[in-house]
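**Student:**
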């Protein structure tokens, strides 16, 4: 039997001892500090329940109010500009047509010619109808002579009353025939229904036309009408008789007067038709030209500010932030009077409001701020824009 070496025996003894020690659990207290319920020095006077971090925070200085730049912009009387797109059209437009069929005998007008009410525009050939009128006139004369003879005989008692009545009926019938022939002859003529300009003549002398065939188009261009559609939001700001500025597509600028405002909105666009009458004695403004109509509402007290000043409130409405007398931020919803190239014209802002023009996005309503007047360059810019926008 081989002998166990010493170092192996020693290892076995150590392993058995270590296992026995682990079984006792006494190692759990090794390195653990005994609980000490006595207060340490400096903590005896510390009140129970005191929060050291909170106390530390209380000792820190409060943040200084944020500095914002403010201005009190000049106020001006400004009229809301209502701009609508439209086009020009004739005050009156008529397509002239014949009432009977025939051959064109006279065509005394040309395209572009000015005519007066009642001027002859076209006449059809009338040979047969002139003959019919002549025959009817002769028949009428005969019936008048017959009635006169019948009345003389009736006075002497040589003619029964019934024959006298027949003579009178024959005269009435002859008068009706003559009037009918004259009316038929009159239908051969086409006359101008109003003063205007002949815009189109699609027929020539000698051509045949059917009853109801188009022979000419006449326009009345004085005044010429600028027509557009105004939104339901702006309808309340305009009225009949208001002055309107109209800029044509060729940059010609004219002035007119609102003569008609529809009271029935379009079912597709919910807009209302507006007509502006523009003097056009020389006929220089044609119908069908694109135009921009600018209407002005009643003047209101307003200010002009750059677009960058306008911001959104807590409820999502558009407005500006201002500083009150207590140096706290307040929000004022705005009434957009006009949007010009120089800035926004705003109404609904108190007279004494100090409007924040720098830093308005970094503060909110109720914040305490340190307002400082904006630099002179900013003030000059605001004054310049307000002046330019109201000229």
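Numbering (the working numbering), first residue to last: 33 to 423.
The beta carbon of each residue, even a glycine, is placed where N, CA and C say it ideally should be.
Which runs of the beta strand (DSSP E), 3 residues or longer, sit entirely within the segment 324–361?
**Tutor:** If we require 3 residues or more, the beta strand (DSSP E) runs fully inside the segment 324–361 come out as 350–355.
**Student:** Per DSSP, residue 367 is paired with what?
**Tutor:** Locating residue 367 in the chain shown gives position 335, counting from the first residue. Its beta-bridge partners are 379.
**Student:** Which of helix, strand or coil does DSSP assign to residue 104?
**Tutor:** For the purposes of this step, residue 104 is taken as residue 72 along the chain shown, with counting starting at 1. In this structure, residue 104 counts as coil in the three-state DSSP scheme.
**Student:** Do residue 309 and residue 269 have their C-beta atoms closer together than 9 Å?
**Tutor:** Counting from one through the chain shown, the residue named residue 309 turns up at place 277. Counting from one through the chain shown, the residue named residue 269 turns up at place 237. No. Outside cutoff.
**Student:** Have a look at residue 131 and residue 109 and give me their C-alpha separation to the nearest angstrom.
**Tutor:** Stepping through the chain shown from its first residue, residue 131 is reached at position 99. Stepping through the chain shown from its first residue, residue 109 is reached at position 77. Looking at the two C-alpha atoms, the distance is approximately 60 Å.
**Student:** Can you tell me where the beta strand (DSSP E) holding residue 288 begins and where it ends?
**Tutor:** Locating residue 288 in the chain shown gives position 256, where the first residue counts as 1. It spans 285–293 - the beta strand (DSSP E) in which residue 288 sits, taken as one unbroken run.
**Student:** Using beta-carbon positions only, say whether residue 165 and residue 242 come within less than 9 Å of one another.
**Tutor:** Here residue 165 corresponds to residue number 133 of the chain shown, with the count starting at 1. Here residue 242 corresponds to residue number 210 of the chain shown, with the count starting at 1. No; because the gap between Cβ atoms is not below 9 Å, this pair is not in contact.
**Student:** Output needed for residue 9: all residues of its chain with C-beta closer than 8 Å, excluding positions within five of it in sequence on either side, in chain order.
**Tutor:** Residue 9 lies beyond the residue range present for the chain, which begins at 33 and ends at 423; the question has no answer from this structure.
**Student:** Whole angstroms are fine: how far does the CA of residue 372 sit from the CA of residue 403?
**Tutor:** For the purposes of this step, residue 403 is identified with residue 371 of the chain shown, where counting begins at 1. For the purposes of this step, residue 372 is identified with residue 340 of the chain shown, where counting begins at 1. Taking the straight line from one Cα to the other gives about 28 Å.
**Student:** In the segment 199–252, which residue ranges form an unbroken beta strand (DSSP E) of at least 3 residues, counting only runs that do not cross its ends?
**Tutor:** Runs of the beta strand (DSSP E) inside the segment 199–252: 221–223 and 228–232.
**Student:** Can you confirm whether the segment 278–294 touches the segment 136–153 when touching is taken to mean that 3 or more C-beta pairs between the two stretches lie within less than 8 Å?
**Tutor:** No, they do not touch.
**Student:** Look at residue 261 and residue 298 and say whether their C-beta atoms are less than 9 Å apart.
**Tutor:** For the purposes of this step, residue 261 is identified with residue 229 of the chain shown, where counting begins at 1. For the purposes of this step, residue 298 is identified with residue 266 of the chain shown, where counting begins at 1. Taking 9 Å as the Cβ cut-off, residue 261 and residue 298 qualify as a contacting pair.
**Student:** Checking 9 Å against the spacing of the C-beta atoms, do residue 244 and residue 129 come in under that value?
**Tutor:** Counting from one through the chain shown, the residue named residue 244 turns up at place 212. Counting from one through the chain shown, the residue named residue 129 turns up at place 97. Yes, Cβ-Cβ distance for residue 244 and residue 129 is below 9 Å.
**Student:** Three or more beta-carbon pairs under 8 Å between the segment 352–359 and the segment 298–307, yes or no?
**Tutor:** No: the two stretches stay apart, fewer than three of their Cβ pairs being nearer than 8 Å.
**Student:** For the beta strand (DSSP E) holding residue 317, just list the boundary residues, first then last.
**Tutor:** Within the chain shown, numbered from 1, the residue matching residue 317 stands at position 285. Where residue 317 is concerned, there is no enclosing beta strand (DSSP E), given that its DSSP letter is neither H nor E.
**Student:** Given residue 147, which residues of its chain have a CB within under 8 Å of its CB, disregarding the five upstream and five downstream residues?
**Tutor:** Working through the chain shown from its first residue, we reach residue 147 at position 115. Excluding residues within five positions, the ones whose Cβ falls inside 8 Å are 141, 153, 224, 227, 228, 229, 230 and 250.
**Student:** Assuming residue 406 and residue 390 make a contact with CB atoms under 8 Å, what is their CB distance in whole Å?
**Tutor:** Taking the first residue of the chain shown as 1, we reach residue 406 at position 374. Taking the first residue of the chain shown as 1, we reach residue 390 at position 358. That belief holds up - the Cβ atoms of residue 406 and residue 390 are roughly 7 Å apart, short of 8 Å.
**Student:** Nearest to residue 133 by alpha carbon, out of 401, 99 and 218?
**Tutor:** Start at 1 with the first residue of the chain shown, and residue 133 comes out as number 101. Taking only the C-alpha atoms, the option nearest residue 133 is 218.
**Student:** Which first and last residues belong to the beta strand (DSSP E) in which residue 156 is found?
**Tutor:** On the chain shown, position 124 is the one that residue 156 refers to. Unbroken beta strand (DSSP E) run through residue 156: 152–156.
**Student:** Taking DSSP as the reference, what is the three-state secondary structure of residue 266?
**Tutor:** Along the chain shown, read from residue 1 onward, the residue named residue 266 stands at position 234. If DSSP states are grouped into helix, strand and coil, residue 266 belongs with coil.
**Student:** On the premise that residue 203 lies in contact with residue 185, defined as a C-beta separation below 8 Å, what is that separation, rounded to the nearest angstrom?
**Tutor:** Stepping through the chain shown from its first residue, residue 185 is reached at position 153. Stepping through the chain shown from its first residue, residue 203 is reached at position 171. Not really, about 15 Å apart at Cβ, beyond 8 Å.
**Student:** At which residues does the beta strand (DSSP E) containing residue 277 begin and terminate?
**Tutor:** Taking the chain shown and counting its residues from 1, the one referred to as residue 277 is at position 245. Here the beta strand (DSSP E) through residue 277 covers 275–280.
**Student:** Can you tell me whether DSSP reads residue 261 as helix, strand or coil?
**Tutor:** Position 229 of the chain shown, counting from 1, holds the residue named residue 261. The answer is strand: DSSP assigns residue 261 an E or B state.
**Student:** Helix, strand or coil for residue 65? Go by DSSP, reduced to three states.
**Tutor:** Along the chain shown, read from residue 1 onward, the residue named residue 65 stands at position 33. Caution applies to residue 65, whose pLDDT of 44 falls short of 50 and renders its modelled position unreliable; the value that the coordinates give is listed next. DSSP places residue 65 in coil when its eight states are reduced to three.
**Student:** Quick one: what's got a C-beta closer than 7 Å to residue 119's C-beta in the same chain, skipping five residues either side?
**Tutor:** Here residue 119 is taken as the residue at index 87 of the chain shown, counted from 1. Result list for residue 119: 259, 320, 321, 322 and 323, in chain order.
**Student:** Skipping 5 residues on each side, what residues in its chain have a beta carbon closer than 7 Å to that of residue 266?
**Tutor:** In the chain shown, the residue the question calls residue 266 occupies position 234. Hits under 7 Å: 114.
**Student:** Just mark residue 43 as buried or exposed, buried being the case when its beta carbon has 16 or more other beta carbons within 10 Å.
**Tutor:** Working through the chain shown from its first residue, we reach residue 43 at position 11. It is exposed - the Cβ of residue 43 has fewer than 16 other Cβ atoms within 10 Å.
**Student:** Can you tell which of 401, 327 and 295 has the C-alpha that lies nearest to the C-alpha of residue 278?
**Tutor:** The residue given as residue 278 occupies position 246 in the chain shown. Residue 327 is the option with its Cα nearest to residue 278.
**Student:** Grouping DSSP H, G and I as helix and E and B as strand, with all else coil, what is residue 389?
**Tutor:** Along the chain shown, read from residue 1 onward, the residue named residue 389 stands at position 357. Three-state result, residue 389: strand.
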